[in-house]
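If you're matching positions, the sequence shown starts at 1 in our numbering and goes up one per residue.
Here the structure is laid out as structure tokens; the discussion comes afterwards.
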Amino acid sequence: MAEMEVKFEKAGRVKKGQWILIDGAVCRVVDIQISSPGKHGSAKVRITAVGVFDGQKRQLLRPSDADVEVPVMHRKRGQVLALMGDVVQIMDLNDYSTFEVPLSAVEEELRDKLQPGAEVEYMEAGEYRKITRVK
1 MAEMEVKFEK AGRVKKGQWI LIDGAVCRVV DIQISSPGKH GSAKVRITAV GVFDGQKRQL
61 LRPSDADVEV PVMHRKRGQV LALMGDVVQI MDLNDYSTFE VPLSAVEEEL RDKLQPGAEV
121 EYMEAGEYRK ITRVK
């Protein structure tokens, strides 16, 4: 599988809506709380995020000047080749490689539009892929 590309950013500079890695999972930040620095310490940042690929809620607590990992997300286009039980087979429209995406990684409102031959947009981070739009 592909290695996930990451870059680093200070915890105090993370914004709502941004993607970060928490425990190796790609998450979208939904809330940030910053505590003021104390007499002998630095400001702390509590980041609450939801997993992009699994929907699980996670929290991260770091000093504001500590680094957090930010995954490099790629948006790509593909074509649905087949629906096989609980997976969708997709062909990438750039390099014509094929892969499977579990239906659990597809939003409920997009599942009805998935038909063989349909064009889709998907996000990719390392080995994880998620269908974001059906054209």
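Backbone N, C-alpha and C define an ideal beta-carbon position, used for all residues, glycine too.
E5 sits in coil when the DSSP states are folded into three classes, being neither helix nor strand. For R13, there is no enclosing alpha helix (DSSP H), as DSSP marks it with neither H nor E.
Exposed is the label assigned to A82, since fewer than 16 other Cβ atoms lie within 10 Å of its Cβ. Look at E127 here: in three-state DSSP terms it is coil, with no helix or strand label.
Residue pairing for K76: DSSP places it in a beta bridge opposite Y122.
Secondary structure at L114: coil, using DSSP grouped into helix, strand and coil.
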